[in-house]
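K.L.:
Quick one: structure below, then a few questions.
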Amino acid sequence: MTTTALDRPAGRTGGGGVSAGPARRRPRNQLWPALGMIAPAALGFLVFYLYPTLRGAYLSFTEYNVLGSPVFVGLQNYVDMAQDDVFWNAVRVTFLYVVLNIGFQTVLAVGLAVLMHRLTKSVLIRGSLLLPYLIANVVVALLWFWMLDYNIGIVNAVIDAVGLPKVAFFGDEAWTVATIAGVNTWRHLGYTALLVFAGLQMIPASVYEAAAVDGAGEWRTFWRITLPLLRPVLVLVLVITVTGAFQVFDTVAVTTAGGPGNASRVLQLYIYEQAFARGHFGYASAMSVVLFLILAGAAFAQMRLLRAGESDLS
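Take 2 as the starting number for the sequence shown in this note's numbering and just add one per residue.
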């Protein structure tokens with residue numbers, strides 16, 4: 002019986018049995034290349050984040066200094082913490098700083114971002130806002146410490162020149178926390194404003210055009226359109242800034258070292274003093290655990306109350 006071309010197996014020629022078309026290649030397994038790509042970052046996370054976190058949690062239940070081995074003491078560090086007046090003062094000062102810093106920073110950043118969005122398209126102006134953020138915290142703290150000095154600072158020289166009494170910005174208990182909050186607001190304002198500005202770029206121009214047709218003014222447009230549509234971005238900004246504000250350390254260490262008295266002794270500074278000045282690493286670890294729980298609770302509360310996973314854009 003004669004075999005025709007239609008009777009031959011698909012993909013083969015009559016004589017040599019060579020494939021007529023390209024052979025179908027098996028898909029490569031992408032798991033191992035992917036694991037190789039993430040391995041350096043995963044190793045860094047394990048070594049520099051996860052292991053220190055777990056060890057710190059363990060040390061919080063011990064009495065420990067670098068000259069000996071940890072001695073398990075159970076919840077004693079937490080009991081001591083509950084009776085430590087300096088600790089509770091540090092918590093109060095830290096919360097006061099966070100409220101002032103985040104209040105100043107968020108309001109000014111939103112206003113600055115709206116002005117950039119409406120008034121200028123200059124990349125140079127937008128980029129220049131980041132210049133303070135590019136300066137190291139210690140340098141910024143020293144700069145403002147000299148500028149606000151009671152005797153030789155240029156700010157007090159101007160205040161004295163206009164006939165007003167000088168202000169001991171870093172030496173007066175009534176001013177010190179607000180001053181530190183203002184210094185850090187100056188440094189982070191540009192970065193925060195650019196984050197908000199990026200959120201403004203995602204709002205469709207047609208929404209503002211419709212509001213203008215309906216006769217809405219600038220103030221009403223801001224409250225009824227801009228702020229609601231910025232909510233997901235503002236949640237991100239608040240989580241980042243609040244987390245950073247609770248961990249303030251270098252500005253306080255350089256300018257006031259916690260003084261006058263305990264007026265500016267924030268929680269991070271008190272943890273540092275207990276660990277490296279007094280050698281109470283177990284007690285410092287317990288306070289670090291409490292700070293971690295405060296940060297986690299604050300982030301969770303912000304995301305739930307401000308509905309971070311929802312957007313008003315439809």
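Where is the CB? At the ideal position from N, CA and C, for every residue including glycine.
Closest to Val67 by CA distance: which of Val291, Arg279, Ile295 and Pro133 is it?
P.N.:
Here the closest residue by C-alpha is Arg279.
K.L.:
Is it buried or exposed, Arg225, if we count other Cβ atoms within 10 angstroms and call 16 or more buried?
P.N.:
With fewer than 16 Cβ atoms within 10 Å of its Cβ, Arg225 is classed as exposed.
K.L.:
Can at least three beta-carbon pairs, one atom from the region 247-263 and one from the region 174-190, be found at a separation below 8 Å?
P.N.:
Yes: at least three Cβ pairs fall under 8 Å.
K.L.:
Out of curiosity, what's the CA-to-CA distance linking Asn30 and Leu36?
P.N.:
Going from the Cα of Asn30 to the Cα of Leu36 covers about 11 Å.
K.L.:
With hydrogens ignored, establish whether the beta-carbon of Ile136 is closer than 7 Å to any heavy atom of the ligand GDP.
P.N.:
Ligands in the displayed structure: none, and consequently the ligand GDP is not present.
K.L.:
Can you tell me whether Tyr50 is buried or exposed? The criterion is at least 16 other CB atoms within 10 Å of its CB, across all chains shown.
P.N.:
With fewer than 16 other Cβ atoms within 10 Å, it is exposed.
K.L.:
Could you tell me the boundaries of the alpha helix (DSSP H) in which Asp81 lies?
P.N.:
Start and end: Gln77 to Ala83.
K.L.:
Would a check of beta-carbon distances place Gly245 closer than 8 Å to chain C?
P.N.:
As a matter of chain content, chain C is missing from the structure shown, which is built from one protein chain.
K.L.:
Per DSSP, what kind of secondary structure is Val72 in: helix, strand or coil?
P.N.:
Correct three-state label for Val72: strand.
K.L.:
Helix, strand or coil: how does DSSP classify Thr121 here?
P.N.:
Looking at Thr121 - three-state DSSP - the assignment turns out to be coil, as it is neither helix nor strand.
K.L.:
Specify the secondary structure class of Thr54 as computed by DSSP and reduced to three states.
P.N.:
Residue state, collapsed to three classes: helix.
K.L.:
If I measure Cβ to Cβ from Trp147 and keep anything under 8 Å in the same chain, skipping five residues before and after, which residues do I get?
P.N.:
Ile153 and Gly154.
K.L.:
If the criterion is Cβ atoms closer than 8 Å, does the pair Ala287 and Asn90 meet it?
P.N.:
Contact: no.
K.L.:
Would Val108 be called buried (16 or more neighbouring beta carbons within 10 Å of its own) or exposed?
P.N.:
By the neighbour-count rule (16 or more Cβ atoms within 10 Å), Val108 is not buried but exposed.
K.L.:
Anyone know if the C-beta pair for Gln84 and Thr242 falls short of 8 Å?
P.N.:
Against a cut-off of 8 Å, the Cβ pair of Thr242 and Gln84 comes out as no contact.
K.L.:
Taking the alpha helix (DSSP H) that Glu210 falls in, what are its first and last residues?
P.N.:
Run containing Glu210: Ala206 to Val214, per the alpha helix (DSSP H) assignment.
K.L.:
Contact between the region 195-210 and the region 228-247 is defined here as three or more beta-carbon pairs at a separation below 8 Å; is this criterion met?
P.N.:
Short answer: they touch.
K.L.:
Measure the C-alpha to C-alpha separation of Ala299 and Leu143 and round it to an integer number of angstroms.
P.N.:
Going by the C-alpha atoms only, they are around 30 Å apart.
K.L.:
Checking 8 Å against the spacing of the C-beta atoms, do Pro133 and Val141 come in under that value?
P.N.:
It is a contact, given that the beta carbons lie within the stated cut-off.
K.L.:
Put Glu174 into one of helix, strand or coil per three-state DSSP.
P.N.:
Coil at Glu174, not helix or strand.
K.L.:
Taking DSSP as the reference, what is the three-state secondary structure of Thr95?
P.N.:
The answer is helix: DSSP assigns Thr95 an H, G or I state.
K.L.:
Measure the alpha-carbon distance for Val74 versus Phe62 and round it to whole angstroms.
P.N.:
Cα-Cα distance, rounded: 6 Å.
K.L.:
Assign Ala110 to one of two classes, buried (16 or more other C-beta atoms within 10 Å of its C-beta) or exposed (fewer than that).
P.N.:
Buried, since its Cβ has 16 or more Cβ neighbours within 10 Å.
K.L.:
Taking a contact to mean a Cβ-Cβ separation below 8 Å, would you say Phe247 touches Leu296 in this structure?
P.N.:
For Phe247 and Leu296, yes; Cβs fall inside 8 Å.
K.L.:
Rounded to the nearest angstrom, what separates Val99 and Phe293 at their Cα positions?
P.N.:
Straight-line Cα distance between these residues: approximately 15 Å.
K.L.:
Report the option in Phe301, Met203 and Arg266 whose CA atom is closest to the CA atom of Phe88.
P.N.:
Cα-wise, what sits closest to Phe88 is Arg266.
K.L.:
Whose CA, out of Thr121, Val290, Glu219 and Val115, lies closest to the CA of Leu201?
P.N.:
If we check each option's Cα against that of Leu201, Val115 comes out closest.
K.L.:
With respect to the alpha helix (DSSP H) encompassing Ser286, which residues constitute its N-terminal and C-terminal limits?
P.N.:
Counting along the chain, the alpha helix (DSSP H) containing Ser286 begins and ends at Phe282 to Leu306.
K.L.:
Take Phe301 as the anchor and find which of Gln269, Val240 and Ala264 has the nearest alpha-carbon.
P.N.:
When each option's Cα is compared against that of Phe301, the closest is Val240.
K.L.:
For Ile136, tell me which candidate among Ser70, Ala58 and His189 has the shortest Cα-Cα distance.
P.N.:
Checking every option, the nearest Cα to that of Ile136 belongs to His189.
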